[in-house]
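So for the sequence shown, this note's numbering puts the first residue at 71; every next one is plus one.
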Amino acid sequence: MNAPSLARRTQRIRTLALSAGLMIGMAAAAIGPQLVHASTAVKASKSVIKGAAQPVEKPIQLAAATPEQLFAQERVLTGAYNCEFGQHIVVQRNEANPGYVDLTLGKQKWLMKPVLSATGATRLEDVRGQALLVQILTKSMVLDTKTGKRLVDACVHEVQRKAEADLAAQPARASLFDAPR
């Protein structure tokens, strides 16, 4: 074989290999999400089978509450919160574990550890690392720490509702972006 025909043949092989790779990639992208969804559905359906054993959660050894944690617990707003889309959460002190708080959202329940942040927000961190409740002046939200998504947002306690009304009643302050007078 001479050099020009060898170069053309190599070029054709490269073109075919790239085309085949693109086709396989496109097929995998089109079918891949369906396969993932199908495997999730199979796992979910197996857990719904009647009489199937429910996973047993291992008890967690909780550390004794630190003075900072006890102080943070005093700042936690306990009681019922009204959230967006008609959802509700309930935050209560955990009687069995001083310094810890129970958070309930629907049928889900978490044992939370209060933590003060440098910003002044109160954080309630799930001891199992599954959820996080953030309380700021005018609202609270519950996050799923595994996926990074909000479970529920715009949760408002009665104290937060009052703070929101107080802020709305104050006159507007000058902003850096306001036009000079």
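Cβ coordinates follow ideal geometry from the N, Cα and C atoms, glycine included.
Treat the numbers as computed from the prediction; the structure is a model and nothing was measured.
Is the CB-CB distance between residue 183 and residue 165 below 8 Å?
no
Given a cut-off of 8 Å on the beta-carbon distance, is the pair residue 202 and residue 193 in contact?
yes
What's the gap between the Cα of residue 239 and the Cα of residue 233?
10 Å
Looking at C-alpha atoms only, which residue of 176, 204, 177 and 237 is the closest neighbour of residue 186?
204
So, are the CB atoms of residue 230 and residue 209 less than 8 Å apart?
yes
Since residue 226 and residue 152 are thought to touch, with beta carbons under 8 Å apart, how far apart are those beta carbons, to the nearest angstrom?
6 Å
Going straight from the alpha carbon of residue 136 to that of residue 171, what length do you get?
14 Å
List the whole-angstrom C-beta distance separating residue 223 from residue 154, where the pair is believed to meet the contact cut-off of C-beta under 8 Å.
6 Å
Span of the beta strand (DSSP E), counted from its first residue to its last, around residue 184:
178 to 186
Through-space distance from residue 89 to residue 80, alpha-carbon basis:
14 Å
If you check the beta carbons only, do residue 181 and residue 197 fall under 8 Å apart?
yes
Between which residues of its own chain and residue 107 is the CB-CB distance below 6 Å, once the five residues before and five after are set aside?
Any reading at residue 107 is ruled out, since the residue's pLDDT is 49, under 50, leaving its predicted position unreliable.
Out of curiosity, what's the CA-to-CA distance linking residue 169 and residue 221?
24 Å
Which same chain residues, not among the five before or five after residue 217, have their C-beta less than 7 Å away from its C-beta?
none
DSSP on residue 157, reduced to helix/strand/coil?
coil
What residue does the beta strand (DSSP E) around residue 195 start on, and which one ends it?
192 to 196
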